[in-house]
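Take 695 as the starting number for the sequence shown in this note's numbering and just add one per residue. The block underneath contains the structure these notes are about, expressed in structure tokens.
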Amino acid sequence: MVQTAKKTVQITIKRQDPEIDGNKPYFQDYNVEVEDWFTVLDVLIKIREEIDGTLSLRCACRASICGSCAMRVNGQAKLVCKTKLSSVEKDNKILVEPVGNMPVITDLTADFKPFWDKFNAVDPYLRPGSEAPEAEYIAPNEDMVHLVGVMNCIMCGCCVSDCTVLEVKDNFLGPAALAKSYRFIADPRDNTENERLEKLLDDGGIWDCTRCMQCVEVCPKDVDPMSRIMAMRSNSLNKNMNKSYGARHANAFTSLIKSSGVLNETLLILKTKGFFNIIELIKLLPLAISAQLAGKRPPFLSHSIKNKDKLKKIFKKLENK
Ligand code: SF4
Ligand code: SF4
Ligand code: FES
């Protein structure tokens, strides 16, 4: 018989229950004897089955397929069935919390309604439009190979849990829903690319991502939501969809660098908001005044760099790519 090493680990779990103290979160420690092959999910199940039957958690496949066991381990979202205890415990201790950016039902069980609402908001279905083929549509192989990565999403919510924008902006569609939108935008059988992109230009869409990379880091299926969002931004810019401040900011940034090699921040704001957009410019007055008082107001005029010709050549090369 194969012998495995045993040791005791302290698991601290963030718990809360609507029936206890008004759903106020509290932390509870459990000392659990574990084997060296245990995953974090194995420990949680052992606690529930042998130590404390009141612990609430969600899991099903135990094989990183169903996406139901996402939780935060030591502050980072993970599928706990895929996470070996030995890879996360420090000095025989770990902290387990429910996923972030979603309301908690009890203990480690979150309410995914906001997640599904945002998913539904991007119309996650193939729309062939009026050009629907009468017979079978055989998609080019390379297009489908390109989509495999994004189709690997198991809707676990890890990316949503750790998205830094969702922490401060509830209406952001978030990495999972936006990656799903890309899945249809990039599908050659879908004929609603422009309508889909137009919708994503609104507040809460593709221009709200700050490129923090958290979604890339925590996704257990390498879906890489951030790159999908960036691809949709490029698509929309190539189609001259410039109505959002994000698009105008990107265009202004590029044109300023291209013309002088220097980022003139005053002009950047004016070009982004619009020179005659009085209401938006008035909103920026307090910022301008505090920057002026702190001696940090950017100059109205800036000089061009030397070797501007070299810069132009770089742009030319990029534009001809
Ligand atoms: S890269 Fe964008 S979508 Fe991804 S976690 Fe950061 S802000 Fe959210
Ligand atoms: S993109 Fe990745 S982290 Fe986000 S829901 Fe899909 S599989 Fe989970
Ligand atoms: S239990 Fe299914 S993904 Fe973890």
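By construction, the Cβ of each residue, glycine as well, lies at the ideal position given by its N, Cα and C atoms.
Which of the three DSSP states, helix, strand or coil, is assigned to N717?
Walking along the sequence shown from the start, residue 717 turns up at place 23. In this structure, N717 counts as helix in the three-state DSSP scheme.
At a threshold of 8 Å, does I759 count as lining ligand 2 (C-beta to nearest heavy atom)?
For the purposes of this step, residue 759 is taken as the residue at position 65 of the sequence shown. Flag unset: Cβ of I759 not near ligand 2.
Measure from the alpha carbon of S930 to the alpha carbon of each residue in M796, T904 and E887, then state which is nearest.
Along the sequence shown, one-based indexing puts residue 930 at 236. Closest option to S930, Cα to Cα, is E887.
With a threshold of 8 Å, establish whether the CB of V842 neighbours any heavy atom of ligand 2.
For the purposes of this step, residue 842 is identified with residue 148 of the sequence shown, where counting begins at 1. No; taking the cut-off as 8 Å, the Cβ of V842 has no heavy atom of ligand 2 nearer than that.
By alpha-carbon positions, which one of H840, T904 and V859 ends up nearest to P882?
One-based indexing of the sequence shown puts residue 882 at position 188. Nearest option by C-alpha distance: H840.
Return the CA-CA distance between V910 and A764, expressed in angstroms with no decimal places.
Numbered from 1 along the sequence shown, position 216 holds the residue referred to as residue 910. Numbered from 1 along the sequence shown, position 70 holds the residue referred to as residue 764. Between V910 and A764, the C-alpha separation is close to 15 Å.
Select from E727, D715 and N717 the residue whose C-alpha is nearest the C-alpha of K700.
The residue you call residue 700 lines up with position 6 of the sequence shown. The shortest C-alpha separation from K700 is found at E727.
Would the beta-carbon of N795 be found less than 8 Å away from any heavy atom of ligand 2?
To locate residue 795, count along the sequence shown from 1; it is residue 101. Answer for N795: no, Cβ out of range of ligand 2.
Check for me: the beta strand (DSSP E) holding I707 runs from which residue to which?
As a first step, residue 707 is located in the sequence shown; it is residue number 13 there, counting from the start. Its beta strand (DSSP E) spans residues K700 to R709.
Who are M765's beta bridge partners in DSSP?
Translated into positions along the sequence shown, residue 765 becomes position 71. Partner(s): K772.
With DSSP run on the structure shown, which of helix, strand or coil describes T960?
Reading the sequence shown from its first residue, position 266 is the one you call residue 960. In the structure shown, T960 sits in a helix (DSSP, three-state: H, G or I).
Excluding five sequence neighbours on each side, which residues of the same chain lie with their C-beta closer than 8 Å to the C-beta of P992?
If you number the sequence shown from 1, residue 992 lands on position 298. Once the five neighbours on either side are set aside, the close Cβ partners of P992 are N958, E959, T960 and A985.
First and last residue of the beta strand (DSSP E) that includes V798?
The residue you call residue 798 lines up with position 104 of the sequence shown. That run of the beta strand (DSSP E) goes V798 to T800.
What are the boundary residues of the alpha helix (DSSP H) that includes L891?
The count along the sequence shown starts at 1 and reaches residue 891 at position 197. From DSSP, the alpha helix (DSSP H) with L891 extends over E887 to L894.
Just list the residues that DSSP pairs V790 with in beta bridges.
Sequence index remark: in the sequence shown, residue 790 carries index 96 (1-based). Beta-bridge pairing links V790 to I707 and V767.
So what does DSSP say about N795, is it helix, strand or coil?
Looking up residue 795 in the sequence shown gives position 101. Residue state, collapsed to three classes: coil.
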